[in-house]
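A.B. asks: Sequences listed follow chains A and B, in order.
Using numbering that gives the first Met the number 0, the first residue of the first sequence is number 0, and each one after it goes up by one.
Using numbering that gives the first Met the number 0, the first residue of the second sequence is number 0, and each one after it goes up by one.
Input: one structure, supplied below.
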Amino acid sequence: MSLFSKINRVFPFLVQPGTLWLLLFTGLPLLVVLNLSFLSRNSYGRVVYEYTIANYTRLLQWEELLIILRSMWLSLEVTLLCLLFGYPLALFLSRAARRLQPFLLLLVIVPFWTSSLVRTYAWITILQTEGLLNSFLMSVGWTSEPLTLLYNHGAILLGMTYNFLPFMILPVYASLQKLDPTLIDAARDLGASSLQVLLRIILPLSKGGIISGAILVFIPALGYFFIPDLMGGNRVILVSNHISLRFTQARDWPYGAALSVALIVLTLLLIAMFLRWSKRSGEKVELA
Amino acid sequence: MRLRLSYMTIALMVVGVHFCSPKKNELNLFIWSEYIPESVIRRFETESGIRVNVANYTSNEEMLAKIQAGGSVFDLAVPSEYFIGILLSEDAIDPFPKEALKNFGNLAPEFLNRGFDPGNQYTIPFMAGHGVLVYDSAKTPPMKSYRDLWRADLRNNIVVLDDIRATLGMVSRSLGYSWNEKDVSRLKEVGTAFKALVPNIKKFDSDSPKKLLIDGEVKAGFVWAAEAALAMKERLSLRAVIPEEGMYLWLDSFVLLKGAENPGNALEFVDFILRPDIGRDIALAYPYMTPNREAKKLLPKEMLSNTAIYPPDSEIQKSDFFEELGETLRVYDAIWTDAKR
């Protein structure tokens, strides 16, 4: 055994550049944020080195909890919509001819090679009052007045679901592909209808994929703000823009830091919950 | 070995940056992005032989955070008027020896000696702007008061700035109160009025409110005048008005940062900017208002007659600036958060 690998075994954190990188660029800033969340500010907004827990007690106020709950509700809606639209597509992909599958997968992924900001602006061009969709509908005479398609809750849901759909499709597809087709044949031989096959065989066996997909959609959706901002008109405060406002116009960095810490803790708790749930149901959840 | 080499490279780079920059005839300018034409900087460099290093920021807060973190790297910065008090309380700026400026007299008196810096001891005005009402004359009747934004025909049809101070200040002004209202019971009324306005607001947008106006997405708005001026070029039915309640004005000024290494060069630069021909070049490049009276005389008529760029002097005189609110900012913040749900 070389000296290098010996050191690596005893002090892995010293040698691995990856660990060093994480410690330096993720761990350290997080510690700074944690420290900041216990500090105070003066009336000009400057951070003052007086330790307090006031930022965390403020978090427990109903108005603040409401903002967090609102963000979680939006994430939940998006996750369910992604499941609703993503699952049938994943099922179709896994049932398609083997030769075609890589090509079809590529079709799912290719749009996501473009920046999501650009795609969001594309949606705005389609949906706006004098946009493509309204001009089309009015020219064929289906509507005389332009429809309000943008800057409402529906537009937020559309934009977010569109943006997160592949994160649901891919894990579900992966788990469906591993499903043994003979199980379906067996169920059919025993007289199960198509619906019964779906509900009692396919769905339970792809639970791992659904859980992975749900984590991959729900967690990032919690911190997403540019779609509610651009497509929703920024009319509702979510936890993400609430935090960004603390660091800018409201000039209250310590409280912004406390909100960030709360969001991180909440995220970790949710992941732990998802993982425990999947372990209990005996499913393997892959996040990588 | 490779690892050690890369560490050495980094070490060399750090040392190199430190030692390989000889003290030259330089000026370090810290300024808003998209605010000074490249050609003006080049011209100053050729005329004076001083090398100008420009760094940009996009908010006053960002600027302060960077000058506090990085020591005194910069000589000049261009903060907004409401931020001067904070810079003073943070001891971040030095008095500006304006006696050394030959061209100081070119500045219009409306922009001098204002509340945030009596006697202009610290600040030299650079650029100004204001907030205006805009409406689409093809879609809605004329507007003349901020109160018109509450009109029933504008439901879900206005855009306002996603800026706590500007938008709540406007609501306060519409009720006859101050842009800087601090009275708690009046602020309660502001909160109620703002909540009543929210159903009319289609989008809160500070970055590019002109887009919604140009696209015909909204019929009216309360936006920064420069945005209105750009939108009016694209959609000819748009009209900008200064409401009868008066307007709010912002003014960005040069300040000399504490510990500036090249104060002499900074003075020379500011004096150069105050020259009428240079002031004109800057004013032509961006749709903001120049506080330079002599430069303004050189501008084309159609620019001067556009109220979205140059409101009448009488309006400027009675306009208000935003002032530091201190703890009252929390009340504004609560009103804002409460209505956006």
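For each residue, glycine too, the CB sits at the ideal point set by N, CA and C.
Computed from a predicted structure; not experimentally measured.
Tell me, which residues are paired with S252/B by DSSP?
C.D. replies: Numbered from its first residue, the second sequence carries residue 252/B at position 253. Note: S252/B sits in a beta bridge opposite P124/B.
A.B. asks: Report all residues from its chain with a CB closer than 7 Å to the CB of P310/B; omit the five preceding and five following residues, and keep chain order.
C.D. replies: Within the second sequence, numbered from 1, the residue matching residue 310/B stands at position 311. Residues of the same chain with a CB within less than 7 Å of the CB of P310/B, apart from the 5 flanking positions on each side, are H129, I241 and M246 in chain order.
A.B. asks: What residue range is occupied by the uninterrupted alpha helix (DSSP H) comprising N133/A?
C.D. replies: Taking the first sequence and counting its residues from 1, the one referred to as residue 133/A is at position 134. First-last of the alpha helix (DSSP H) with N133/A: L131 to S138.
A.B. asks: Quick one: does K201/B have its CB under 7 Å from some CB of chain A?
C.D. replies: Here residue 201/B corresponds to residue number 202 of the second sequence, with the count starting at 1. Judged by the 7 Å Cβ criterion, K201/B is in contact with chain A.
A.B. asks: For D425/B, return the contacting residues in chain A, with the cut-off set at a CB-CB distance below 9 Å.
C.D. replies: In the structure as shown, chain B begins at 0 and stops at 340. Residue 425/B is therefore absent and cannot be evaluated.
A.B. asks: Could one say the Cβ of N261/B lies closer than 7 Å to chain A's Cβ atoms, at least one of them?
C.D. replies: Position 262 of the second sequence, counted from the start, is the residue given in the question as residue 261/B. With its beta carbon at least 7 Å from every one in chain A, N261/B lies outside the interface.
A.B. asks: If you scan the segment 124–191 of chain B from start to end, which runs of the beta strand (DSSP E) of 3 or more residues do you find wholly inside it?
C.D. replies: 157–159
A.B. asks: State yes or no: is the C-beta of R42/B within less than 7 Å of the C-beta of E25/B?
C.D. replies: The residue given as residue 42/B occupies position 43 in the second sequence. The residue given as residue 25/B occupies position 26 in the second sequence. Taking 7 Å as the Cβ cut-off, R42/B and E25/B do not qualify as a contacting pair.
A.B. asks: Check the C-beta distance from G215/B over to T147/A and give it rounded, since I have them as a contact under 8 Å.
C.D. replies: Counted from its first residue, the second sequence places residue 215/B at position 216. Counted from its first residue, the first sequence places residue 147/A at position 148. No, G215/B and T147/A are not in contact; Cβ-Cβ is about 13 Å, not under 8 Å.
A.B. asks: Tell me whether A287/A sits in a helix, a strand or coil according to DSSP, three-state version.
C.D. replies: Locating residue 287/A in the first sequence gives position 288, counting from the first residue. With a pLDDT of 46 at A287/A, under the threshold of 50, the modelled position of that residue is not reliable, and the figure given next carries that caveat. When secondary structure is reduced to three states using DSSP, A287/A falls in the coil class, being assigned neither helix nor strand.
A.B. asks: Is it true that the segment 143–158 of chain B meets the segment 192–211 of chain B, where meeting means three or more beta-carbon pairs spaced less than 8 Å apart?
C.D. replies: yes
A.B. asks: Given this structure, state the Cα-to-Cα distance separating F84/A from I35/B, to the nearest angstrom.
C.D. replies: Position 85 of the first sequence holds residue 84/A. Position 36 of the second sequence holds residue 35/B. Those two C-alpha atoms are separated by around 50 Å.
A.B. asks: Would you decide whether A151/B is buried or exposed? Buried here means 16 or more other CB atoms lie within 10 Å of its CB.
C.D. replies: Along the second sequence, one-based indexing puts residue 151/B at 152. By the 10 Å Cβ count, A151/B comes out exposed.
A.B. asks: Who are N291/B's beta bridge partners in DSSP?
C.D. replies: Position 292 of the second sequence, counting from 1, holds the residue named residue 291/B. Answer by DSSP bridge pairing, in chain order: L106/B.
A.B. asks: The alpha helix (DSSP H) with Y334/B in it runs from where to where?
C.D. replies: As a position in the second sequence, residue 334/B is number 335, starting the count at 1. In the sequence under discussion, the amino acid at residue 334/B is Ile, which differs from the Tyr named in the question. L328 to A338 is the span of the alpha helix (DSSP H), which, as asked, contains I334/B.
A.B. asks: For V317/A, name the three-state secondary structure that DSSP assigns.
C.D. replies: Only positions 0 to 287 of chain A appear in the structure, and residue 317/A is not among them; the question remains open.
A.B. asks: Can you name the residues of chain B whose CB is closer than 7 Å to the CB of Y161/A?
C.D. replies: By 1-based counting over the first sequence, the position of residue 161/A is 162. Neighbours of Y161/A on chain B: none; closest Cβ ~20 Å, over 7 Å.
A.B. asks: How about N233/A: is its C-beta nearer than 7 Å to some C-beta of chain B?
C.D. replies: Locating residue 233/A in the first sequence gives position 234, counting from the first residue. For N233/A, the answer is yes, since a Cβ of chain B falls inside 7 Å of its Cβ.
A.B. asks: Do L237/B and L212/B have their CB atoms nearer than 7 Å?
C.D. replies: Reading the second sequence from its first residue, position 238 is the one you call residue 237/B. Reading the second sequence from its first residue, position 213 is the one you call residue 212/B. Taking the C-beta atoms as reference points, L212/B is found nearer than 7 Å to L237/B.
A.B. asks: Short check: CB of L157/A to CB of S205/A, under 7 Å?
C.D. replies: On the first sequence, residue 157/A is found 158 positions in, with the first residue counted as 1. On the first sequence, residue 205/A is found 206 positions in, with the first residue counted as 1. Cβ distance not < 7 Å, so L157/A and S205/A don't count as in contact.
A.B. asks: At a CB distance below 7 Å, what residues from the segment 106–138 of chain A approach chain B? Give them in sequence order.
C.D. replies: Q127, T128 and E129
A.B. asks: Just the Cα atoms here: how many angstroms apart are W149/B and E293/B?
C.D. replies: Translated into the one-based positions of the second sequence, residue 149/B becomes position 150. Translated into the one-based positions of the second sequence, residue 293/B becomes position 294. Approximately 40 Å between the Cα atoms of the pair.
A.B. asks: With a cut-off of 8 Å on the beta carbons, I'd call D251/B and F125/B a contact; round off their distance for me.
C.D. replies: Translated into the one-based positions of the second sequence, residue 251/B becomes position 252. Translated into the one-based positions of the second sequence, residue 125/B becomes position 126. At roughly 5 Å, the Cβ-Cβ gap stays under 8 Å, so D251/B and F125/B are in contact.
A.B. asks: Against chain B, with Cβ distances strictly below 7 Å, would S42/A count as a contact?
C.D. replies: Your numbering for residue 42/A matches position 43 in the first sequence. At least one chain B Cβ lies under 7 Å of S42/A.
A.B. asks: How big is the Cα-Cα spacing for F246/A and L38/A?
C.D. replies: Working through the first sequence from its first residue, we reach residue 246/A at position 247. Working through the first sequence from its first residue, we reach residue 38/A at position 39. Roughly 14 Å between the two C-alpha positions.
A.B. asks: Should F95/B be labelled buried (16 or more other beta-carbon atoms within 10 Å of its own) or exposed?
C.D. replies: Looking up residue 95/B in the second sequence gives position 96. By the neighbour-count rule (16 or more Cβ atoms within 10 Å), F95/B is buried.
A.B. asks: Report yes if the C-beta distance between A282/B and L298/B is below 7 Å; otherwise report no.
C.D. replies: Numbered from 1 along the second sequence, position 283 holds the residue referred to as residue 282/B. Numbered from 1 along the second sequence, position 299 holds the residue referred to as residue 298/B. Closer than 7 Å, so yes.
A.B. asks: Quick one: which chain A residues come within Cβ less than 7 Å of K339/B?
C.D. replies: Sequence index remark: in the second sequence, residue 339/B carries index 340 (1-based). In chain order: R234, V235 and I236.
A.B. asks: Take E343/B as the anchor and find which of T122/B, Q316/B, Y287/B and V217/B has the nearest alpha-carbon.
C.D. replies: In the structure displayed, chain B extends from 0 to 340; residue 343/B sits before or after that span and is not available.
A.B. asks: In this structure, does DSSP put P21/B in helix, strand or coil?
C.D. replies: Taking the second sequence and counting its residues from 1, the one referred to as residue 21/B is at position 22. Per-residue confidence for P21/B stands at a pLDDT of 48, beneath the threshold of 50, marking its modelled position as unreliable; the derived number appears in the next sentence. It is coil, neither helix nor strand.
A.B. asks: Can you find a C-beta in chain B that's less than 7 Å from the C-beta of Q60/A?
C.D. replies: As a working mapping, residue 60/A is identified with position 61 in the first sequence. Q60/A does not count as touching chain B.
A.B. asks: Please list, in chain order, the chain B residues whose beta carbon lies closer than 9 Å to that of T18/A.
C.D. replies: Residue numbering aside, residue 18/A sits at position 19 when the first sequence is read from its first letter. Simply none; closest approach about 14 Å.
A.B. asks: Would you mind working out which of E301/B, F271/B, E188/B and N112/B sits nearest I40/B, comparing C-alpha positions?
C.D. replies: The residue you call residue 40/B lines up with position 41 of the second sequence. Comparing Cα positions, the closest option is F271/B.
A.B. asks: Tell me A76/B's beta-bridge partners as DSSP assigns them.
C.D. replies: The residue you call residue 76/B lines up with position 77 of the second sequence. DSSP lists F29/B and V254/B as partners of A76/B.
A.B. asks: Look at G212/A and P170/A and say whether their C-beta atoms are less than 7 Å apart.
C.D. replies: Taking the first sequence and counting its residues from 1, one reaches residue 212/A at position 213. Taking the first sequence and counting its residues from 1, one reaches residue 170/A at position 171. Yes, they are a contact pair.
A.B. asks: Using the beta-carbon of each residue, which ones in chain A are nearer than 9 Å to S88/B?
C.D. replies: Stepping through the second sequence from its first residue, residue 88/B is reached at position 89. Under the 9 Å cutoff, chain A gives N41, Y43 and R45.
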